[in-house]
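Residue 139 in our numbering sits at position 108 of the sequence shown, with consecutive numbering throughout.
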Amino acid sequence: MLATLLFTSFAFAAPTYNVCNKQKSTINTMPVLDCVFNKNQPWNMEAEVPDLEDGGTKLIKVNSAYIVRCNNNHRCGVVFSDTIKKGAVVGNSPPGDYRLDYDHYIDVDAAGNATEYLRGTGPLAGGAVARSDAVPSADGKVTVSEASCEPLMDDACTINHKPVAKADLGKYLPAVNEADVQSAGGFCEYPICYNSANNPVGIRAD
């Protein structure tokens with residue numbers, strides 16, 4: 032069961048998730064993968080939390096982040112925290128040690144990348160996983176949630192909102208037959224074809 036955190040975020044500006052780094056940082060001599068929004072934030076901070084005695088809120092001092100370890104079964108337990116007991120399960124993610132913001136938990140985005148989510152949002156709160164905005168090495172394995180090209184510009188294309196050369200689109204999307212796409216209720220806007228839900232399905236074969 033996901034550990035219950037004591038904190039409530041009363042005003043939190045978007046975004047509510049952050050994809051973890053793939054290169055390790057050293058935190059208190061411990062190499063970790065950073066998931067926090069601000070890697071230069073002070074270790075201690077004040078947090079506004081519910082006051083259970085009078086029903087209002089109060090300020091307390093807490094560590095701004097905590098460290099979790101995810102095992103080979105992708106279950107993640109607390110290694111270091113001043114507010115959550117050691118070993119408490121706080122999410123699911125690929126194996127490794129991660130640093131999370133104090134009121135976040137860990138899961139994955141649509142492409143399987145380790146991602147921290149604000150407590151009360153995301154998959155463990157019954158919400159959707161974050162769309163992947165990252166385009167890794169162009170090996171065709173990335174989950175494509177967005178693809179587009181500017182019709183009046185020769186090489187202005189994006190995959191998951193990241194610039195990609197038109198010549199490289201085939202590394203992320205397969206070639207498809209326009210007639211097949213249309214018969215299934217989709218459409219093509221050269222060079223990309225979409226299904227009836229407006230999701231990219233491939234590149235129009237010439």
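The beta carbon of each residue, even a glycine, is placed where N, CA and C say it ideally should be.
Nothing here was measured: the structure is a model prediction, and the numbers come from that model.
Exercise. For Ala-196, does the count of other Cβ atoms within 10 angstroms reach 16, so buried, or fall short, so exposed?
Worked result: exposed
For this session: Kindly indicate which three-state DSSP category Pro-194 falls into: helix, strand or coil?
Result: Collapsing the DSSP output to three states places Pro-194 in a strand.
Exercise. In chain order, what residues of the same chain have a beta carbon less than 7 Å from the beta carbon of Val-50, not counting five sequence neighbours either side?
Worked result: Asp-140, Asn-144, Thr-146, Ala-165
Exercise. How long is the line joining the alpha carbons of Lys-92 and Ala-78, rounded to whole angstroms?
Worked result: 6 Å
For this session: Note down, in chain order, each residue of its chain lying with its Cβ closer than 8 Å to the Cβ of Trp-74, except the 5 sequence neighbours on either side.
Result: Asn-94, Ser-95, Ala-96
Problem set entry | Status (buried if at least 16 other CB within 10 Å, exposed otherwise) for Asn-191 | buried
Exercise. Closest by CA to Pro-194, which one among Ala-206, Cys-180, Val-232, Leu-204?
Worked result: Cys-180
For this session: Starting from the Cα of Val-212, find the closest Cα among Asn-226, Phe-68, Ala-206, Pro-222 and give me that residue.
Result: Asn-226
Exercise. So what's Asp-138 in DSSP terms, helix, strand or just coil?
Worked result: strand
For this session: Report the three-state DSSP secondary structure of Ser-179 (helix, strand or coil).
Result: strand
Problem set entry | Length of the line joining the Cα atoms of Leu-33 and Cys-219 | Here the model assigns Leu-33 a pLDDT of 42, short of 50, so the residue's position is not dependable, and the following value carries that caveat. If you take the alpha carbons of Leu-33 and Cys-219, they lie about 44 Å apart.
For this session: Taking 8 Å as the threshold, find out whether the stretch 112-122 comes into contact with the stretch 130-138 through three or more Cβ pairs.
Result: yes
For this session: Indicate the three-state DSSP secondary structure (helix, strand or coil) for Gly-201 in the structure shown.
Result: DSSP places Gly-201 in helix when its eight states are reduced to three.
Exercise. Rounded to a whole number of angstroms, what is the C-alpha to C-alpha distance between Asp-199 and Glu-209?
Worked result: In a straight line, the C-alpha of Asp-199 is about 19 Å away from that of Glu-209.
Exercise. Who are Cys-51's beta bridge partners in DSSP?
Worked result: BP columns for Cys-51 are empty, so no partner.
Exercise. Excluding sequence positions up to five away, which residues of its chain have a Cβ less than 7 Å from the Cβ of Asp-186?
Worked result: Residues Ala-196, Lys-197 of the same chain have their beta carbon placed closer than 7 Å to that of Asp-186, with the five preceding and five following residues left out of the count.
For this session: Classify Ser-56 as helix, strand or coil using the three-state DSSP reduction.
Result: DSSP places Ser-56 in strand when its eight states are reduced to three.
Problem set entry | Reduced DSSP category for Leu-155 - H, G, I as helix; E, B as strand; rest coil | helix
Exercise. Using the C-alpha atoms, what's the distance from Leu-64 back to Glu-177?
Worked result: 27 Å
Exercise. So, helix, strand or coil for Ala-210, using DSSP?
Worked result: helix
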